[in-house]
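Under this note's numbering, residues 1491 to 1797 are what the sequence shown spells out, in order. In this text, a Cβ means the ideal position worked out from N, Cα and C, and glycines have one as well.
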Amino acid sequence: MALRHILSTEQFLDSNLLLRVFALTDRFAKAGRRGKLPKPLRNNILASVFYEPSTRTRFSFEAAMLKLGGQVLSMESALHCSSAMKGESLTDSIRVIGGYADAIVLRHPQEGSAAVAASVSPVPLINAGDGGNEHPSQSLIDAYTIKQELGTLKGLHVAFACDPLHSRTIRSLALLLSGFPGIRFTFISPPALRMAPFMLARLRSRGARCEQSGDLRVGVNADVLYMNRLQKERFAGVKEFQKYQKKFTLTAPMLKGKQVLVLDPLPRIDEIGTDVDALPGAAYFRQAKNGLYVRMALLDLLLAARR
Ligand code: NCD
């Protein structure tokens, strides 16, 4: 079935679709390195509409669109700079923007907002983060990077730290990987920031073994250690956030003699010391670079592959 919108990684539990994304990503990465990218998105416009801050997601979607021959309409700080400031609803804005663009990438602070926006969007919509809920394109980048670095997505032990309760990238990646045989997860956090019970139930119902821990050292023995900053903006207040600040910082001495692949969707705040960057397992900047090609694949799937 043709993909209409990208809202959740659950849409990619169909491994044929995931393989298609990876194959297209490989194709674009190879062509990109040779400076020979095709222009399948010529005559298409992408609107990127961001109600929350972004560096990688917005730029890599926009760069992907431009490099494949398309054009971009870009709105950052949409909460303050769009008609949202005048009181326009998200659904009205999306209806209107969908009349100008051929696809929309949306980031919004409210959980579930992407699905609501997609329900009225006349064009394909990509969820680039809806509050603490999901961030599917990031997880496709994460999974592609794991496959590239370790050669497989099967039978892995993946540890996630520091804020599984609020992190949409941890949630989305765990959902995506839960479909793979032999998968084992360890969620590492202070007790108050543990993965939500309903999520654990969902992951376990797919056969994933899930454990929780308060000790970051457990993570360095996994195959993959997925770090993500404390999600400051999702805490009730600064005081609440400060209780947990700097509780988990991965440093080079902790990784001595370990083989673990270290990922982070970035931005890195204080969850990974800069002394880790030079280690061979530190893959987060390669992961960010992969974002360009994975997002090319997604735009191509939604726009060019439909024709
Ligand atoms: C992530 C996000 O927005 O959820 N950023 C990103 O897209 N690479 C991670 C984060 O902000 O912590």
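Just measuring C-alpha positions, the residue of F1738, D1713, L1792, V1586 sitting nearest L1720 is F1738. Cα atoms of D1765 and K1736: separation of roughly 16 Å, rounded to the nearest angstrom. For A1649, the uninterrupted beta strand (DSSP E) segment begins and ends at 1647-1651. The residue among K1557, L1503, L1666 with its C-alpha nearest the C-alpha of F1518 is K1557. Cα atoms of A1492 and I1631: separation of roughly 21 Å, rounded to the nearest angstrom. Taking E1723 as reference, the option from V1595, L1792, M1555, P1599 with the minimal CA-CA separation is P1599. Straight across, the Cα-Cα distance linking S1609 with S1538 is about 17 Å. DSSP places F1725 outside both helix and strand once states are collapsed to three, so it counts as coil.
CA-to-CA, the gap between I1673 and N1617 works out to about 26 Å. For S1611, the secondary structure class from DSSP, reduced to helix, strand or coil, is coil.
Taking C-beta atoms as the reference points, I1594 and G1602 fail to come closer than 8 Å. H1570 is bridged by DSSP to nothing; it lacks a bridge partner. Cβ neighbours of T1581 within its own chain (closer than 7 Å, five residues either side excluded): V1606, A1607, V1610.
By alpha-carbon distance to K1746, the top candidate from K1529, N1711, P1654 is N1711. Note on geometry: alpha-carbon atoms of T1676 and S1573 lie some 43 Å from one another. Remark: the shortest separation between the CB of Q1735 and any heavy atom of the ligand NCD does not fall under 7 Å.
Sequence-distant Cβ neighbours of L1643 in its own chain, meaning closer than 7 Å and more than five residues away, are A1633, I1636, K1637, L1667, F1670.
Only buried fits H1647, as 16 or more other CB atoms lie within 10 angstroms of its CB.
Annotated as distal: R1785 and S1662, with beta-carbon spacing of 8 Å or more. Take A1773, set aside five residues on each side of it, and the residues of its chain with a beta-carbon closer than 7 Å to its own are T1635, E1639, L1751, V1752, L1753, in chain order. Excluding its 5 nearest sequence neighbours in each direction, T1741 has C-beta neighbours in its own chain below 7 Å: G1763, D1765, V1766, listed in chain order. A check of alpha carbon separations from P1614 across P1528, F1725, R1585 identifies R1585 as the nearest. The secondary-structure analysis by DSSP pairs F1540 across a beta bridge with R1597. Between the stretch 1775-1784 and the stretch 1543-1556, the count of Cβ pairs shorter than 8 Å is three or higher; the stretches touch. Looking only at V1511, A1554, D1516, the smallest Cα-Cα distance to L1531 is reached by A1554.
In the three-state scheme derived from DSSP, where H, G and I count as helix and E and B as strand, E1624 is classed as coil. Annotation for S1550: the continuous alpha helix (DSSP H) segment containing it runs 1546-1557. For V1752, the enclosing beta strand (DSSP E) starts and ends at 1751-1753. Set against 7 Å, the gap from the CB of L1756 to the closest heavy atom of the ligand NCD is smaller. For M1565, the enclosing beta strand (DSSP E) has its first and last residue at 1561-1565. Counting only unbroken stretches of 4 or more residues, the alpha helix (DSSP H) elements lying wholly within the stretch 1630-1683 are 1658-1667, in sequence order. A Cβ-Cβ contact shorter than 8 Å links S1498 with E1624. The three-state reading of DSSP puts A1492 in coil, since its state is none of H, G, I, E or B.
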